[in-house]
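Input: a single structure, listed below in structure tokens.
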Amino acid sequence: MRFVILILVMCLFLGNCKREEKRPLSVKRTTSKKGIILKDQELARWEKILAAETYHTRLRGFSNPFEPFFRERSRGRKKRVALSPLERWTLQELRLTGIVKKNGRRWALIEDPSGKGYFVSVGTRIGPNQGYITRIGKDFIMVRERVVDFLGREKVREIKISLRPTEEAHEVP
1 MRFVILILVM
11 CLFLGNCKRE
21 EKRPLSVKRT
31 TSKKGIILKD
41 QELARWEKIL
51 AAETYHTRLR
61 GFSNPFEPFF
71 RERSRGRKKR
81 VALSPLERWT
91 LQELRLTGIV
101 KKNGRRWALI
111 EDPSGKGYFV
121 SVGTRIGPNQ
131 GYITRIGKDF
141 IMVRERVVDF
151 LGREKVREIK
161 ISLRPTEEAH
171 EVP
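Taken in order, the sequence shown gives residues 1 to 173; the numbers are from the numbering used here.
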């Protein structure tokens with residue numbers, strides 16, 4: 001009985017096994033003066049396909065993942081050399097001490113940290129960021145300057161310097 005079971009199990013295993021079919025290789029033999037050269041036809045076909053198709057990594061509508069977050073300022077634009085003493089100080093260091101109106105024209109008196117005073121009018125350059133005075137009011141001046149943000153984009157901002165700073169502007173310890 002055992003012998004019959006063993007034969008049946010072997011038949012099941014051998015019946016399920018298939019013989020591998022031998023595929024002919026797609027190799028082309030060529031002869032030359034040096035000898036026989038074997039050339040794979042399937043490899044040659046894939047080389048043609050890969051040479052014909054162009055692969056690229058540019059995705060339209062998406063930003064470049066390899067682009068840096070911070071950009072250096074363009075070297076083509078030269079930084080302006082400070083010509084007047086007011087362009088050497090930042091706007092936070094300068095203080096508006098007075099405004100004079102004469103013949104319909106307003107003049108402002110600005111004091112630098114060293115204690116020197118300067119009379120300025122509309123259009124006077126002030127601050128290191130190519131700022132200039134756009135308006136002189138009764139108790140304030142407006143300064144427009146160009147600022148580069150952390151992404152490298154240039155923005156124009158207007159700053160109001162008051163004659164008498166309010167209590168909100170000062171920090172309380």
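Each residue gets a CB set at the ideal place from its N, CA and C atoms; glycine is no exception.
Because the structure is a prediction, the values reported are computed rather than measured.
Kindly indicate which residue of the options has the alpha-carbon position closest to the one of residue i.
i    : options              : result
R144 : L151, G152, I133     : I133
L96  : K102, S84, S121      : S121
I159 : N129, G152, V9, L151 : N129
P113 : F140, E93, T124, E47 : E93
M142 : G152, I110, N64, E42 : I110
According to the neighbour-count rule (16 or more other Cβ atoms, all chains shown, within 10 Å of its Cβ), is residue i buried or exposed?
i    : result
V100 : exposed
R52  : Per the sequence shown, the amino acid found at residue 52 is Ala instead of Arg. The residue in question, A52, is exposed, as its Cβ has fewer than 16 Cβ neighbours within 10 Å.
G131 : buried
A108 : buried
G127 : buried
G115 : exposed
T90  : exposed
P173 : In this prediction, P173 has a pLDDT of 48, which is less than 50 and means its spatial position is unreliable; what the coordinates show is noted afterwards. Classification of P173: exposed, given that the 10 Å Cβ count is below 16.
I136 : buried
Following the continuous alpha helix (DSSP H) through residue i, name the residue where it begins and the one where it ends.
i   : result
L43 : 41–52
Which two residues bound the contiguous beta strand (DSSP E) that contains residue i?
i    : result
L98  : The sequence as given places Gly at residue 98; Leu does not occur at that position. Note, G98: beta strand (DSSP E), 95–102.
L109 : 105–111
T134 : 131–136
G117 : 117–120
What are the partner residues of residue i, as DSSP defines its beta bridges?
i   : result
E67 : BP columns for E67 are empty, so no partner.
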